[in-house]
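S.K.:
In this note's numbering, the protein residues as written are 5 to 270.
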């Protein structure tokens, strides 16, 4: 199922199926505290690329870039609770707990820092928080058409129909806990540490994601994307021509190039 918690979550109104191909290779399952975590660890290197999906797709979404990333560095991808075979036991209640569970996963698997975090859509919220909680372990962050902490409130106040449609779609899934997380994301960042001065690449979709996307929505989305880039003085913001919301599907080479740039600075 494709998620689109972003201005580009509009495709959820018309596209609800995620097409699966052959099973991913190198998939393992690890007990972390009382949770079963489905994950992939591959590649070698002094840094670890950590992949955080949006709300909806499993880690299968990274298929177009996994092998290429593993030739550059160690790669860690996983499924949050309720995705794939990852169990929903004591699910996270907020953005902070998602970031903490990711950190637990990495430690339990002896996957060492420094981490280059890549987050798509709602996954951008989680890596945003991870970098704030564990700044000394993060070497860079790549946001892929990523969610902004204030956007869900914006939709609630400015686009009630879209907001209510998204709420109903999440309620019908087996990941209902995420509804409370995204609804309250704007509050979770209050009083938290600032974002560290690490390199940021903000990659924003260049194409419309839905016929319902208005100029007003697009303009506000660009405001959100610019604010993500402003979190660090070491930032790059690229509008990725020819790409929709799933930049890692449409323009994977752009992501690979940004990964190489950030790791070259490490």
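Beta carbons are placed, not taken as given, at the ideal position from N, Cα and C, and that holds for glycine.
How many Å lie between residue 5 and residue 82 at the Cα?
M.R.: The residue you call residue 5 lines up with position 1 of the chain shown. The residue you call residue 82 lines up with position 78 of the chain shown. Note that residue 5 scores a pLDDT of 32, beneath 50, so its modelled location is shaky and nothing firm can be said.
S.K.: Measuring alpha carbon to alpha carbon, tell me which residue in 256, 266, 161 is nearest residue 244.
M.R.: Numbered from 1 along the chain shown, position 240 holds the residue referred to as residue 244. Cα-wise, what sits closest to residue 244 is 256.
S.K.: Applying the criterion that 16 or more other CB atoms from any shown protein chain within 10 Å of the CB defines a buried residue, is residue 267 buried or exposed?
M.R.: As a working note, residue 267 is residue 263 in the chain shown. When all chains shown are included, residue 267 counts as buried.
S.K.: Of all the options 85, 31, 92, 100, which has the alpha carbon lying nearest to the alpha carbon of residue 194?
M.R.: As a first step, residue 194 must be located in the chain shown, where it is residue number 190. The shortest Cα separation from residue 194 among 85, 31, 92, 100 belongs to 100.
S.K.: Give the C-beta separation of residue 105 and residue 96 to the nearest angstrom, bearing in mind that I take them to be a contact with Cβ-Cβ under 8 Å.
M.R.: In the chain shown, counting from the first residue as 1, residue 105 sits at position 101. In the chain shown, counting from the first residue as 1, residue 96 sits at position 92. About 6 Å separates the two Cβ atoms, so the contact holds.
S.K.: Assuming residue 207 and residue 262 are in contact, meaning their beta carbons sit under 8 Å apart, how far apart are those beta carbons, in whole angstroms?
M.R.: Residue numbering aside, residue 207 sits at position 203 when the chain shown is read from its first letter. Residue numbering aside, residue 262 sits at position 258 when the chain shown is read from its first letter. 7 Å between Cβ atoms; contact.
S.K.: Return the chain-ordered ranges of every alpha helix (DSSP H) run that is complete within the segment 65 to 118 and spans a minimum of 4 residues.
M.R.: Listed in chain order, they are 67 to 74, 99 to 112.
S.K.: Output needed for residue 85: all residues of its chain with C-beta closer than 6 Å, excluding positions within five of it in sequence on either side, in chain order.
M.R.: Locating residue 85 in the chain shown gives position 81, where the first residue counts as 1. Closer than 6 Å at the Cβ level, and outside the excluded window around residue 85, lie 92, 95.
S.K.: Can you find the residues in the same chain that come closer than 7 Å, C-beta to C-beta, to residue 42, ignoring five residues on each side of it along the sequence?
M.R.: Looking up residue 42 in the chain shown gives position 38. 31, 33, 82, 83, 88, 89, 90.
S.K.: By how many angstroms is the C-alpha of residue 199 removed from the C-alpha of residue 235?
M.R.: On the chain shown, residue 235 is found 231 positions in, with the first residue counted as 1. On the chain shown, residue 199 is found 195 positions in, with the first residue counted as 1. Looking at the two C-alpha atoms, the distance is approximately 6 Å.
S.K.: Using 10 angstroms around the beta-carbon of residue 269, count the other beta-carbons present and answer buried if the total reaches 16, otherwise exposed.
M.R.: For the purposes of this step, residue 269 is taken as residue 265 along the chain shown, with counting starting at 1. Per the 10 Å Cβ criterion, exposed.
S.K.: Three or more beta-carbon pairs under 8 Å between the segment 45 to 63 and the segment 126 to 141, yes or no?
M.R.: Touching, yes.
S.K.: Compare the Cα-Cα distances from residue 170 to each of 50, 120, 183 and report the closest residue.
M.R.: Counting from one through the chain shown, the residue named residue 170 turns up at place 166. When each option's Cα is compared against that of residue 170, the closest is 183.
S.K.: Could you spell out the range, first to last residue, of the beta strand (DSSP E) harbouring residue 249?
M.R.: As a first step, residue 249 is located in the chain shown; it is residue number 245 there, counting from the start. Taken as a continuous stretch (DSSP letters only), residue 249 belongs to no beta strand (DSSP E), as it is neither H nor E.
S.K.: May I have a chain-ordered list of the alpha helix (DSSP H) segments no shorter than 4 residues that lie completely inside the segment 149 to 179?
M.R.: For the segment 149 to 179, whole alpha helix (DSSP H) runs of length 4 or above, ordered along the chain, are 155 to 162, 164 to 175.
S.K.: Could you name each continuous beta strand (DSSP E) segment of 3 residues or more that falls completely within the segment 182 to 240, going from the start of the chain to the end?
M.R.: Here the runs fully enclosed are 204 to 209.
S.K.: Which residue from 260, 253, 258 puts its Cα closest to that of residue 67?
M.R.: Here residue 67 corresponds to residue number 63 of the chain shown, with the count starting at 1. Cα-wise, what sits closest to residue 67 is 253.
S.K.: Name the DSSP beta bridge partners of residue 40, please?
M.R.: Counting from 1 along the chain shown, the entry for residue 40 is found at position 36. Per DSSP, 35.
S.K.: Just to confirm the assignment, what range does the alpha helix (DSSP H) spanning residue 56 have?
M.R.: Taking the first residue of the chain shown as 1, we reach residue 56 at position 52. Unbroken run through residue 56 is the beta strand (DSSP E), 52 to 56; no alpha helix (DSSP H).
S.K.: Is DSSP giving residue 59 helix, strand or coil here?
M.R.: Here residue 59 refers to the residue found at position 55 of the chain shown. Reduced to three states, the DSSP call for residue 59 is coil.
S.K.: For residue 75, count neighbouring Cβ atoms within 10 angstroms of its own Cβ and tell me buried if that reaches 16, exposed if not.
M.R.: Counted from its first residue, the chain shown places residue 75 at position 71. That one is exposed.
S.K.: To which residues of the same chain is residue 48 closer than 7 Å at the C-beta, ignoring the five residues directly before and after it?
M.R.: By one-based count along the chain shown, residue 48 stands at place 44. Cβ within range, chain order: 78.
S.K.: What is the rounded straight-line gap between the Cα of residue 260 and the Cα of residue 146?
M.R.: Mapped onto the chain shown, residue 260 falls at position 256. Mapped onto the chain shown, residue 146 falls at position 142. Taking the straight line from one Cα to the other gives about 11 Å.
S.K.: In this structure, what does DSSP give as the bridge partners for residue 46?
M.R.: Start at 1 with the first residue of the chain shown, and residue 46 comes out as number 42. BP columns for residue 46 point to 79.
S.K.: The alpha helix (DSSP H) that contains residue 132, what's its start and end?
M.R.: The residue you call residue 132 lines up with position 128 of the chain shown. Note, residue 132: alpha helix (DSSP H), 127 to 137.
S.K.: With a Cβ-Cβ cutoff of 8 Å, do residue 211 and residue 246 count as a contact?
M.R.: By one-based count along the chain shown, residue 211 stands at place 207. By one-based count along the chain shown, residue 246 stands at place 242. Yes, the Cβ-Cβ distance between residue 211 and residue 246 is below 8 Å.
S.K.: Give the straight-line distance between the Cα atoms of residue 51 and residue 265, rounded to the nearest whole angstrom.
M.R.: As a working mapping, residue 51 is identified with position 47 in the chain shown. As a working mapping, residue 265 is identified with position 261 in the chain shown. Residue 51 and residue 265: Cα-Cα distance of roughly 13 Å.
S.K.: How about residue 113 and residue 188: are their beta carbons less than 8 Å apart?
M.R.: Walking along the chain shown from the start, residue 113 turns up at place 109. Walking along the chain shown from the start, residue 188 turns up at place 184. Against a cut-off of 8 Å, the Cβ pair of residue 188 and residue 113 comes out as no contact.
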